[in-house]
Amino acid sequence: MTYTTLKLERRGAVEILSLNRPEELNALSPEMAREITAYFDGLKARLDVRVVILRGEGRLFCAGADLGTEAFAEQGSGRAQRQMAMQKLYSGVVRAMRFCPQPIIALIHDAACGGGFSLALAADVRYAAPDVRMNAAYIRIGLGGCDMGAGYLLPRLVGVSNASEFLLSGRFVNAERAFRMGLVSEIVPLDKLLDAGLALAEDMLKAAPMGLRMTKEAINAEIDAPSLEAALAIEDRQQVILIDTDDHREAVKAFREKRAPAYRDA
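Under this note's numbering, think of the first position of the sequence shown as 5, with each following residue one higher.
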């Protein structure tokens, strides 16, 4: 697929997806939302891509929704219906990211605001440059502070009190505070950010392909598991499935032979 708002680079089993509207500060337009959704939905059939790195071209990660587009429907008959369709388009981006099989590593630099903040939250791991500033900007433009999954994802990442502080105020969180809260895993110099993401991706690639996919699936499911018993049932199911794969047998054999396993996703 050819994209007009995104840029793709392949590094073996890792794909680097870059938001590519630098002149517009990578603002999230309806076209970009459609392309991001199509990309992540398409990954379900592209299991040769095992890890995705998400980043932004230009001076910042993403300035938020592009307010100058049809994302904000004009007044008049049918506005509620048009706006609901647009809202579903934007929230669908987060859904596609969370339910694609591959882990997503977000590399955030400078600003991640509004929709850009939600893109970062929807990733599985976040690394931040020292200059990062993130905020739930929606509430600053007369809307609710919970949008594009922020009201669901942020409390689970940093706790209800921290999440409420930022969702209710639109206040910026800097890299240091984000690191202390556990919102980002690491603060990395800007010129080393991609290297850090690729290094983590390489560690993920040491896992068996199906094991990596099922671990992301289990983490998502266990976040909302109603009890320890339910969480254990998810993990038991995962292990029973994986123990019967050729890759498990290869991993055990490689461990005994003191060599790297040669996985075949079988």
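C-beta: ideal position from N, C-alpha, C; glycine also.
Small disclaimer: the values here were computed from a predicted structure and weren't measured.
query	result
For R59, the first and last residue of its enclosing beta strand (DSSP E)	V55 to G60
Where the alpha helix (DSSP H) through Y156 begins and ends	A154 to V162
Alpha carbon of C117 to alpha carbon of L187, nearest angstrom	14 Å
Cα-Cα separation between K262 and M218, rounded to whole angstroms	25 Å
Proximity winner among A115, E254 and E206, relative to N178 (alpha-carbon distances)	A115
Extent of the continuous alpha helix (DSSP H) to which I40 belongs	P34 to G46
Continuous beta strand (DSSP E) stretch holding Y142: start and end	Y142 -> no beta strand (DSSP E), and no H or E assigned at all.
Pick from D250, R15, M152 and R268 that is closest to S122, judged by C-alpha positions	M152
Proximity to S173 [Cα-Cα], best of I191, Q85, A182 and G146	G146
Nearest candidate by alpha-carbon position, reference R25, set G62, C104, F176 and A132	G62
Segment contact flag, the region 92–100 with the region 28–44, C-beta cutoff 8 Å, min 3 pairs	yes
Beta-carbon gap between L32 and C66 smaller than 8 Å	yes
C-beta contact flag for R268 and D250 at 8 Å	yes
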